[in-house]
Amino acid sequence: MTQTLTRRSGTAAAPPAHAPRRRSADARAGYTFLLPWLLGFILLTVGPMLSSLYLSFTNYNLFDAPKWIGLDNYTSLFQDERFLQSVGVTLGYVVFGTPLKLAAALAVALLLNNATRGQGFYRSAFYAPSLIGASVSIAIVWKAMFGDQGPVDQGLSFFGINLGGWVGNPSMTMPMMILLTVWQFGAPMVIFLAGLKQIPQELYEAASVDGAGRLRKFVNITFPMLSPVVFFNLLLETIHAFQIFASAYIISNGEGGPAGSTLFYTLYLYLRGFSDFRMGYASAMAWLLVIVVGIITLIFFRTSKSWVHYSGDSK
Amino acid sequence: MTTLSPTTPARTADASEYNPKADSRAAKRTRSIVFHTLSLALIAVVLYPALWMVSSAFKPSSEIIGNSSIWSSHFSLDNFVTAMGGIGGVSTAQFFTNSVVLALGSVIGTVLSATVSAYAFARIKFPGRSIFFGMMIATLLLPFHVVIIPQYIIFQQLGLVDTYIPLLIGKFLAADAFFVFLMVQFMRNLPRELDEAAIIDGAGHVRIFCSIMLPLMKPALISSSIFAFIWSWNDFLGPLLYLNSPEKYPLPLALRLFVDQTQSSDYGAMIAMSVLALLPVLVFFLVFQRYIVEGVSTQGLKG
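Just so you know, the sequences run in chain order A and B. FYI, the working numbering numbers position 165 of the first sequence as 178, with every residue one higher than the one before it. FYI, the working numbering numbers position 205 of the second sequence as 291, with every residue one higher than the one before it.
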């Protein structure tokens, strides 16, 4: 590998005078350097994507040859109550969890932006949960914390709120999962904070001269200037939220219970594909997810023109 | 709370330079106190789960449930002794070793493949570059669940299930576009004059890459290594799909096995093992927090 690299780029640098030859040498060097990514892209992304598209039109159990059944997987998805439930659970999580997480991130970033001292410490402390939040360990801890007689139940009982264990209560598992994602607000917060630092102070000074209050400054300066960062966070966090898996798997013992209340989309996909070995069905689910995420991305980019403000000089 | 006392006098000294009015000095002081109190209170809430986890690991199981307090009168190491005993005939040290092997493999593969590929995107002009770059960005947003079924079928037919190859091959082929993107952004900010001077001196791309780019990329290499390590360490779905034999399990799978087999009867040991599993991540965080947090903030801005 390294040997071929050396030889090829050796020729690339040889005659700097001949532009066309240099260009073709650059092309060779370019593709040689790109090789790892290109191989991965073809063998691990594009190839599998096409093959799962094909499988989504078949009945396939990993052992017998795939049998073409046309659109049957897709049509039966919409009659599958568990599938519809997993869509509901996931949408609820995305629609409530993501905005709450970003609101928390923005609020804390605005708070920390006031700091003259200790900001580095606070920033790191708030960021820490983002690094561990999706792990199996934290899922186990969350399950114990929100269990019957766990510290959350105890704490709420102290205030006279007796909800019992959240883990076993189908109407409380979603709030519990949303709290777990909100808890990881640190990563978008760090990005917001970096964005806030890029806003020129002169804008605020000019606004103060004009007599603008805090709210006016936020609405007319902070939010527009921060909107590209808001957009970036919103897009990434939304796409990310659709793909939650490990926490849901651990908290529900891999079953999506109680009463299907934690049957997240990817968990159902996993169960269909790797427990029931209905790989065609699971592939149809995967492609539906790609299409939905694609449409959402498109909608985000389309509507962004009306609220995301890109100033002339900065990226 | 102790951080308040050294902070506030300095703030007032600061304020007096800009604004000699006494009442505004008092106002600034109050604002600073409010800020630090609010921030510390928030941190207490945010870090409570982590503190509860660590303290529970040292408590007897009977004291974990029905007790929200961080403190206990019976701190002991019993839970860790149970946790270190392992599960299913495999010691926890073995799970640890497996996790380390996978994480180091991921770091090496990711750093090698991502830097080389990023150099092509950032520094070499070749036909098709912008199309491939666009596709690379698109894979950043692609839900990877769409590839797991065919990938599983391929590795199953190659007889590679229950080996580490399916878990590592993607790292050596830059399948995680995040790292390529991070490196491309970093390289684009390095002065082009360096390459141009080197080209005039007759250096080829391999020389430029090895002697100019790599030394300058140290910060990006470090933050990529840290993230590659931590993500591999925490990965659950990959090992869940591909590994069947408990002696090959990394920690997250071992934890699941532990949960399945003890079923809430021994909360203490379960939580102690969770703490052990997170320990390297926490150590990494404490040592490299600058790189980690800076990495996140620059990555975000340039997106």
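For glycine and all other residues, C-beta sits at the position ideal for the given N, C-alpha and C.
Going along chain A in order, which residues have a C-beta closer than 9 angstroms to the C-beta of residue i?
i: residue 174 of chain B; result: Simply none; closest approach about 16 angstroms.
i: residue 160 of chain B; result: Under the 9 angstroms cutoff, chain A gives no residues; its nearest Cβ is about 17 angstroms from residue 160 of chain B.
i: residue 211 of chain B; result: 36, 39, 40 and 43
Quick check: the Cα distance between residue i and residue j, rounded to an integer number of angstroms?
i: residue 235 of chain A; j: residue 209 of chain A; result: 8 angstroms
i: residue 120 of chain B; j: residue 328 of chain B; result: 52 angstroms
i: residue 274 of chain B; j: residue 342 of chain B; result: 43 angstroms
i: residue 145 of chain A; j: residue 372 of chain B; result: 13 angstroms
i: residue 82 of chain A; j: residue 88 of chain A; result: 11 angstroms
i: residue 202 of chain A; j: residue 375 of chain B; result: 15 angstroms
i: residue 179 of chain B; j: residue 92 of chain A; result: 48 angstroms
i: residue 284 of chain B; j: residue 262 of chain B; result: 31 angstroms
i: residue 291 of chain B; j: residue 281 of chain B; result: 9 angstroms
i: residue 162 of chain A; j: residue 177 of chain A; result: 7 angstroms
i: residue 335 of chain B; j: residue 286 of chain B; result: 52 angstroms
i: residue 220 of chain B; j: residue 227 of chain B; result: 11 angstroms
i: residue 164 of chain A; j: residue 286 of chain A; result: 37 angstroms
i: residue 125 of chain B; j: residue 197 of chain A; result: 16 angstroms
i: residue 305 of chain A; j: residue 255 of chain A; result: 10 angstroms
i: residue 217 of chain A; j: residue 37 of chain A; result: 52 angstroms
i: residue 195 of chain B; j: residue 125 of chain A; result: 37 angstroms
i: residue 194 of chain A; j: residue 213 of chain B; result: 42 angstroms
i: residue 109 of chain A; j: residue 169 of chain A; result: 22 angstroms
i: residue 370 of chain B; j: residue 219 of chain A; result: 44 angstroms
i: residue 141 of chain A; j: residue 199 of chain A; result: 7 angstroms
Go ahead and pull the three-state DSSP assignment for residue i.
i: residue 379 of chain B; result: helix
i: residue 126 of chain A; result: coil
i: residue 312 of chain A; result: helix
i: residue 321 of chain A; result: coil
i: residue 173 of chain B; result: strand
i: residue 230 of chain B; result: coil
i: residue 334 of chain B; result: helix
i: residue 92 of chain A; result: coil
i: residue 103 of chain A; result: helix
i: residue 238 of chain B; result: helix
i: residue 353 of chain B; result: helix
i: residue 231 of chain A; result: helix
i: residue 85 of chain A; result: helix
i: residue 216 of chain B; result: helix
i: residue 254 of chain B; result: helix
i: residue 189 of chain B; result: helix
i: residue 249 of chain B; result: coil
i: residue 213 of chain A; result: coil
i: residue 276 of chain B; result: coil
i: residue 146 of chain B; result: coil
i: residue 133 of chain B; result: helix
i: residue 114 of chain A; result: helix
i: residue 139 of chain A; result: helix
So residue i contacts chain A; which residues on that side make the cut at Cβ distance below 7 angstroms?
i: residue 256 of chain B; result: 53 and 57
i: residue 316 of chain B; result: 144
i: residue 133 of chain B; result: 138
i: residue 297 of chain B; result: Within 7 angstroms Cβ-Cβ: nothing; residue 297 of chain B doesn't reach chain A, min ~13 angstroms.
i: residue 375 of chain B; result: 137
At 9 angstroms on the CB atoms, spell out the chain B contacts of residue i, in chain order.
i: residue 159 of chain A; result: What residue 159 of chain A touches in chain B: nothing, since even the nearest Cβ is about 10 angstroms away.
i: residue 214 of chain A; result: Result: empty, since nearest Cβ-Cβ is about 14 angstroms, beyond 9 angstroms.
i: residue 71 of chain A; result: Within 9 angstroms Cβ-Cβ: nothing; residue 71 of chain A doesn't reach chain B, min ~12 angstroms.
i: residue 302 of chain A; result: 229, 231 and 232
i: residue 196 of chain A; result: 132 and 135
Have a look at the DSSP bridge pairing and note the partners of residue i.
i: residue 80 of chain A; result: A:72
Counting only Cβ pairs nearer than 8 angstroms, list the residues of chain A close to residue i.
i: residue 199 of chain B; result: 49, 50 and 53
i: residue 223 of chain B; result: Near residue 223 of chain B there are no residues of chain A at all, since even the closest Cβ is about 11 angstroms away, more than 8 angstroms.
i: residue 408 of chain B; result: Residue 408 of chain B is absent from the structure shown; chain B starts at 87 and stops at 389.
i: residue 150 of chain B; result: 157
Name the chain B residues whose beta carbon is nearer than 7 angstroms to that of residue i?
i: residue 78 of chain A; result: Neighbours of residue 78 of chain A on chain B: none; closest Cβ ~12 angstroms, over 7 angstroms.
i: residue 61 of chain A; result: 233, 236 and 237
i: residue 276 of chain A; result: Per Cβ cutoff of 7 angstroms: no residues; residue 276 of chain A is ~15 angstroms from chain B at best.
i: residue 279 of chain A; result: 231
In chain B, what lies closer than 8 angstroms to residue i by C-beta?
i: residue 310 of chain A; result: 227
i: residue 256 of chain A; result: 229, 230 and 231
i: residue 127 of chain A; result: 117 and 121
i: residue 222 of chain A; result: Those do not exist, as residue 222 of chain A stays about 17 angstroms from chain B at its closest Cβ, beyond 8 angstroms.
Secondary structure, alpha helix (DSSP H): runs of 4+ residues fully inside the segment 143 to 197 of chain A: Segments of the alpha helix (DSSP H) lying fully in the segment 143 to 197 of chain A: 149 to 158, 164 to 171 and 186 to 195.
Contiguous alpha helix (DSSP H) assignments of at least 4 residues, all confined to the segment 45 to 71 of chain A: For the alpha helix (DSSP H) assignment, the uninterrupted runs of no fewer than 4 residues enclosed by the segment 45 to 71 of chain A are, from N- to C-terminal side, 60 to 68.
Identify every run of the alpha helix (DSSP H) within the segment 237 to 299 of chain A, keeping only runs that are complete inside it and at least 4 residues long; order them along the chain. If we require 4 residues or more, the alpha helix (DSSP H) runs fully inside the segment 237 to 299 of chain A come out as 259 to 264 and 278 to 283.
Quick one: which unbroken alpha helix (DSSP H) runs of 4-plus residues sit fully inside the segment 287 to 324 of chain B? Chain order, please. Counting whole runs of 4 or more residues, the segment 287 to 324 of chain B contains the alpha helix (DSSP H) stretches 304 to 320.
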